[in-house]
Amino acid sequence: MAEESKPGGQIGAALAQVQEDLQKLKEKLQDASHDWEEVAIQSLEAAIERTESELRKHAEKYLNAINKSVLTISSIDNVDLCSRQISRWGIPLETSQKEIIFPEMSAIVRRGGKPSLQMSSGSKHKLSMVMKIMCNPRNDCHRRLVNENYGVNLPLIPRRETAPAPTQKVAKGVTMDNLLVAPPTHRGSRVLLPLAESDARRGILNLIERGLIPRAARITLEKPPVLPKPAPLHEFHTKHKKDGGVESQKAGVRPLSHTKPASSHSHTSRGSKGSKGSIAPPPSCISVVSPKKSKQQLVPVTQKQEPPTSDWLSKKSPEISPGQEFQNALLDFDIPVCKGAIDREASIFLGFKHHCCLFWGSVLSFLEHVERLLKDYAVPSATIQGRKVMEILPDFELDQRPTREELLSVLKNYSTVKMLLSQPGQRYKGQNGTQAAATKIQATWRCYKFRKAYITFRQQQWASGVIAISWLVRVHMARVRKALKEARQRHLENFNTRVKHLAANWNRIRTSRRTIIHIPSLGYSQLIREASPDFTIHQGSQFGRLCEIQDSNVDVIYVCPLQTSEELRRYYHKLLGLQAAVRSGNPKDMADLQDRFKILTPEAINSFPNRPLSLATLLKYSPKTIKRIRNLIQGKEAYMVGGLLHQDDLEVADALDVPIFGSAPEVAHLYSSKSGSKRVFAAAGVPMPPGQYDIYSRPQVFEVLSQLILDYPEVKRWVFKMDHDYAGNGTAYCDIIDHLRCYPWVQKEIHRYGPEIWKSKWAHEPALAKISQELPGLLAQHAQAVNEKRFPTWGKFLQTFVSQGGVIEAFPPSDSVTNLTVDMLIEPTGEISMVSSGDQIHADGPFRSSGTTFPQASVESRVLNLLCSKIGEACKSRGVVGYFSIDFVTFIHPQTRGQQVWAIDLDLHYSDHLALTRILLYVTNGTLDCSLSRFSVQIIPKKPKGHHPPEEEPQTPPTVSRYVVMSSSMRHINLSIIYYNVFLQMCKAHGIGYDVQQKEGTLFTLFEDQKRHIFGMLTIGEHLQGVLMTFARHLFIIYQELSAPNMHAETNFKGAVQEIETILGVTEQNKLKFEEEEEQAAKAQASTK
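The working numbering puts the first residue of the sequence shown at 192, with every later residue one more than the last.
As structure tokens, this is what we get:
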């Protein structure tokens, strides 16, 4: 070659030549291998292959070094010289002012920059030669080869003098630092990575190759390295003498119609060679002429090339700078679209194509999407804005799929086209509309068909799921019911076994050391428990059970359903410590008995704060309390005394492994009901009020009541009692005779038929019809419930009444009625005894007991004992064991003028009256003789001070009678605003207290610390009248201290005082009558004598 080559090119050519010669030698040797010995041929082939591998290795290293080099754009300091430089590899080193589009990497280079090893050495050599020919147009040999093979004349570019590269030793390995490369997840994304100044200096191509700048990005340089300036062009009459000039002149006539803009720029490069100081711009760059010469040189050419209507290049303002003129001229391309087709021969389209020549493929693809959309919807005309196409193009290249909004956003008449596209059926007027309509119809029908099938399937699936879940729930419930039934049966069997063992060893247990576990649980139904707001207080009002430690062999564990404060515990510790002082008569002889009783609270009350659960249920869910009780009774004789037993009591007894001193739950609930008690009384043969039980329907209520009115016309008031309730909450009454309009007619009928005929049922039929018609309205208007908060109307009461069942009985036909309560005990051995009795006090009405006077004095003791023994025998025959109470009512019959005693109620559980009796016996150390209804105490005389009398035989202390008024339900709402200590100090200041020596005074029983509005009170005295007066006076003092003058607090103090005054009046009348009878008897005796 005539020109001087660089060292890299010489080495590459030499290596390629040697490699080709070796390949030819190898082929010749293979052809002549039949004349050579096999060993020599193999040795020679091995040597050739070894040499070839070494050459291949060195060639690959050289190519790797070349491919890994990074090209940058060099800065140009010469402002006058604005030429574009081209590297030896054919890559331009300068950028356009507006956009830079870089070519993709060669397909023969892998991702890591290493050449592919799948090509043969000859192919690699040919490829390298082709690359040299295409990239080195200065070489004459290369120009000739291209002209001979392809018929292309490469432009003649003057050789540039370059300084020879210094001869240095080739460095092996990596010659630059590790560069920042974008991770694969950021390739193609729009997230910009931070660049260091050192990375920015390496050039834009370096950043693109490393993935820091997307390939489809539009790059705008704030300070471009090459500033555009106007380049002088030759006049049209000036022509080059060479052939290339003629060709370039022909090529320059149509610079906009050619598909490749680079060919038109080659003419400019050659045509401007002769001009001094003028260098033509490089290929793919659009030349911009000066404003003065643009009218003379460029306008005639454009007039020959473009139609008269196209003036997008001719409209330029001479006052605008060339760069700004260039930008404004190329950004306003409004391409018309007619019937979904773009006129590709229009000048505006060709100008837009010429402007976007570097990325025309992406632009054309986007325009085809717009054309397809407009054709599909038969849009008659639209205008595409080229500026918006170029703005949205980078997003399109990244996303690959433009949306309809993106396609419509490039239209100038966007609103008109969008309105047209939104018209129903417009899609089927355009391209392939019939086929699209058919497809839509088929798709809609398939969708409807499949949707209907899917809905049916989902309904069936839902139905099968419901059936499956219902079946699983049913099976699970059946399994749970079976397990509960088996568990309850097991608990009941264990209960019966332990009761038999307790009965067999009762005589030994009751006289030996034992522990009694008191659980005052009331196992009522959930409806009854939720209807009572103070149900928990009612369960926890039996602190008197602690007083059973009066027996020295008894230890007590009391389970309380309420949290007990330290103040409340100290009070009962002090109260129970009075035992020694009571026996000695000295208040200073206090004893500490804390080791003999325990007050426990189940921890489950914190888990169910607003649920009125029975105490046994709370204890069942309190494993810590059960464990503590088990530890306390370990190795001791123990049994459990409950309240109204429930299934949970049996489970607790099983957990503690102790017997229950009481009846089975079924027996207790059956005979504690109003109807069940009537069966027991009927079996015992004791007198009962007239009435009917087991009533469960509305017609039965009116039918039974009508018949009772006819059978007992002297009864004015009839009482309705629900089977399962307590404290009179399920009771209602009505004075029917006073409001029955047909009652006079009934009286006439009775007199007309006479007593004997009136007993016949046929005589009652007309009266029954009239009374049955009148009763519903009469009861709805005049019937009154005891608990009006729970049953404000007769309708609600009647609904609950018939759902639970109940009784209808007569109220005593007398103005003076006395109720009394008797507590009984059936021991496991079958022994029946009376443990307490008292006359009731009604502070909240005639059907609610608020307290008692002790002992009872309204019924003759012999009669009462006979009735109680009969009822006790009837209960014993039905399996009743333990404590139970009987309610009686006594009055003077108006016709016979004799005393009548009716048994009206039976409760098979430990009563509040019995708990107060335990406290009374504990603080007085007295004796109760139930056969005589007499309560007596011993008065311990005071010991004289100062001298000791001579020793004499101890005298028996005198015994005196005592009467007591006691109540466990005194209520005052203002009591909750003061503490118990303040309340007791207040009572002490007014002289309300208890005398240990005389066994007289007043005691209080406290229940809980939260509301503190209910308390118990016991007043002990020598005479019944005096005790009643003292009790009333103490209530009046407490009422004055707790009540403000203008405050009306909720209390039952007034009702109790009025009831006591009534009792005192009756007592005074009875006393006067008794004195008159005695005087008459004395006069009769005197006259007889």
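Built from N, CA and C at the ideal position, the CB exists for glycine as well.
- Counting only runs of at least 4 residues, the segment 902-962 fully encloses the following alpha helix (DSSP H) elements, listed from N- to C-terminal order: 927-930 and 934-949.
- One Cα belongs to ALA537, the other to ILE526, and the distance between them is close to 9 angstroms.
- For the segment 565-635, the continuous alpha helix (DSSP H) assignments of 4+ residues that do not extend past its boundaries occur at 577-590, 595-600 and 605-612, in sequence order.
- Beta-bridge partners assigned by DSSP to LEU683: none are found.
- Contact between ILE851 and LEU861 fails: their C-beta atoms lie close to 17 angstroms from each other, not under 8 angstroms.
- In the three-state reduction of the DSSP assignment, MET1208 falls in the strand class.
- Each residue's CA atom was taken as its position, placing ASN1172 and ALA874 some 51 angstroms apart.
- Counting of Cβ neighbours within 10 angstroms places TRP662 among the exposed residues, the total staying below 16.
- Between VAL1155 and ILE1211 a beta carbon distance of about 5 angstroms is seen, short of the 8 angstroms cut, so the two are scored as contacting.
- Bounds of the beta strand (DSSP E) holding ALA1001 are 997-1001.
- With 16 or more other Cβ atoms inside 10 Å of its own Cβ, PHE911 counts as buried.
- The bridge partners DSSP lists for ARG1125 are ASP1120.
- In the three-state scheme derived from DSSP, where H, G and I count as helix and E and B as strand, PHE1045 is classed as strand.
- The shortest CA-to-CA distance from GLY776 to any of LYS1133, ASP1006, GLN741 and SER1027 is the one to LYS1133.
- Between ILE790 and ARG761, the C-beta gap is not smaller than 8 angstroms, which leaves the two residues out of contact.
- A contact is defined here as three or more CB-CB pairs under 8 angstroms, and the segment 766-786 fails this definition with respect to the segment 794-802.
- Taken through DSSP and simplified to helix, strand or coil, ASP845 comes out as helix.
- Annotation: MET781 is outside any beta strand (DSSP E) and is labelled neither H nor E by DSSP.
- For ALA1094, the enclosing beta strand (DSSP E) starts and ends at 1090-1098.
- By the Cβ neighbour-count rule, GLN1201 is exposed, with fewer than 16 other Cβ atoms within 10 Å of its own.
- GLY1192 carries a strand assignment under DSSP once its states are collapsed to helix, strand and coil.
- Cβ contact annotation for LEU969 (same chain, cutoff 7 angstroms, sequence separation greater than five): ILE927, HIS930 and LEU931, in chain order.
- Residue state for THR688 is assigned as helix, using DSSP reduced to three classes.
- The closest CA to that of VAL1248, considering only THR1108, ARG1162 and LEU1166, is found on ARG1162.
- In the structure shown, VAL1008 adopts extended strand secondary structure according to DSSP, grouped into three states.
- For the pair GLU758 and PHE1075, the Cα-to-Cα distance works out to about 32 angstroms.
- Within the DSSP bridge table, the entry for VAL892 names no partner.
- Counting only the Cα atoms, PRO983 lies some 27 angstroms from CYS933.
- Beta-bridge annotation (DSSP): PHE734 is not paired with any residue.
- DSSP, read as helix, strand or coil, puts ARG1039 in coil.
- Close CB contacts of PRO1004 within its chain, under the 7 angstroms cut and outside five residues either way in sequence, are with GLU905, VAL906, LYS907 and PRO1085 (chain order).
- Annotated three-state conformation of GLN883 is strand, per DSSP.
- THR1193 and ILE900 have their C-alpha atoms spaced approximately 47 angstroms apart.
- With respect to VAL601, GLN576 sits close: the two C-beta atoms are nearer than 8 angstroms.
- In this structure, the alpha-carbon of LYS566 lies about 10 angstroms from that of HIS560.
- Residues of the same chain with a CB within less than 8 angstroms of the CB of ILE748, apart from the 5 flanking positions on each side, are THR706, ILE707, ILE708, HIS709, PHE788, LYS789, LEU791, ILE820, LEU823 and ILE824 in chain order.
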